[in-house]
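What follows is one structure encoded as C-alpha cells, with my remarks underneath.
In this note's numbering, the protein residues as written are 1 to 233.
This is the structure in C-alpha cells:
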C-alpha cells in the first residue's frame, strides 16, 4: 500500500503555457497525458493551470532567461505543493483543428527530457500521448499489479502437475513410514514393561510421529488433488 502511494505521488503535471487553446481543453490534455503516464509511473497528480504566480518572477530578464526562470519557479512551486519528485510541464499551441503539445520533464536525478506531439481528434489522443509518455519516461517500468497472475511458460505449466504428483507420492511414502514408526512405538508401550521415564519418552515420540504422519498425508492429498486438476484442465 505504501509503495502504491509513493508511486501515485511521484509525478505531477502542470500546464505552463497555452496559446489558442481553451483552458478546459488544456486541462483535458493534461489529464489525458496523466492517463498515458499511469502504466509507467503510477497515477500522476494533475494540477492543471497555475502559472500566474510565476509571471512576475523574471520581468527584468531576456526572453530565454525569463523562460528558464519561469520554469524553475513553476517546478519549485509544484514540488512544494504536491511533494512530487518529478514534474512535467506542458505547453499547448492551438493550430486550426490540431493542438501542438510540448512536454518537458524535470527531476532531481537526471537532465530534463522533452517530447512533442500533434494532437488531432480526441479519439487519437491516447495513442498520440502514449508516445509522449514513452519519450519522457523511456526506462520506466510498469508498476506490478498485485492482482495480476504471473505468466507461466508452456513448459513450466506442462511439468507442474507431474511435479505436484511426485511431491504427493513422496509425502505419502513419508506419511506411511511415520505411521509405521508410531504403530511400532504403540506396540512397545502395550507389550513391554518400561520404566516411567522410558514410557513417557516413547509415548511422546509416538504422538509426535502420528501427528507428523497426519500432516504429511493431508499435504500429500492436497498436492495430488492440485496435480490432477492441472492435468484435467
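Even glycine gets a Cβ: it sits at the ideal position worked out from N, Cα and C.
Through-space distance from residue j to residue i, alpha-carbon basis
i	j	result
residue 189	residue 177	19 angstroms
residue 194	residue 228	47 angstroms
residue 130	residue 117	10 angstroms
residue 45	residue 160	43 angstroms
residue 107	residue 101	20 angstroms
residue 207	residue 182	7 angstroms
residue 70	residue 89	11 angstroms
residue 11	residue 41	7 angstroms
residue 112	residue 79	15 angstroms
residue 30	residue 109	23 angstroms
residue 199	residue 218	29 angstroms
residue 43	residue 81	17 angstroms
Nonlocal neighbours in the same chain, by C-beta distance under 6 angstroms from residue i, ignoring five residues either side
i	result
residue 216	171, 174, 175
residue 17	91
Cβ neighbour criterion (16 or more within 10 Å) applied to residue i
i	result
residue 68	exposed
residue 84	buried
residue 209	buried
residue 231	exposed
Check: residue i C-beta below 6 angstroms from any heavy atom of the ligand SAH
i	result
residue 16	Annotation note on the ligand SAH: not contained in the displayed structure, which lists no ligands.
Close Cβ partners of residue i (< 8 angstroms) along its chain, the five nearest in sequence each way excluded
i	result
residue 75	87, 89, 106
residue 60	Confidence is the limiting factor: at residue 60 the pLDDT is only 49, short of 50, which leaves the residue's position unreliable and the question unanswerable from this model.
7 angstroms CB neighbourhood of residue i in its chain, flanking five on each side removed
i	result
residue 220	168, 171, 172, 175
residue 124	none
residue 203	189
Proximity of residue i and residue j at Cβ, strictly below 7 angstroms
i	j	result
residue 26	residue 15	yes
residue 103	residue 132	yes
residue 93	residue 19	yes
residue 224	residue 179	no
residue 34	residue 49	no
Nearest-angstrom beta carbon gap, residue j and residue i [assumed within contact, 8 angstroms]
i	j	result
residue 97	residue 115	So it is not a contact: roughly 21 angstroms between Cβ atoms.
residue 128	residue 119	5 angstroms
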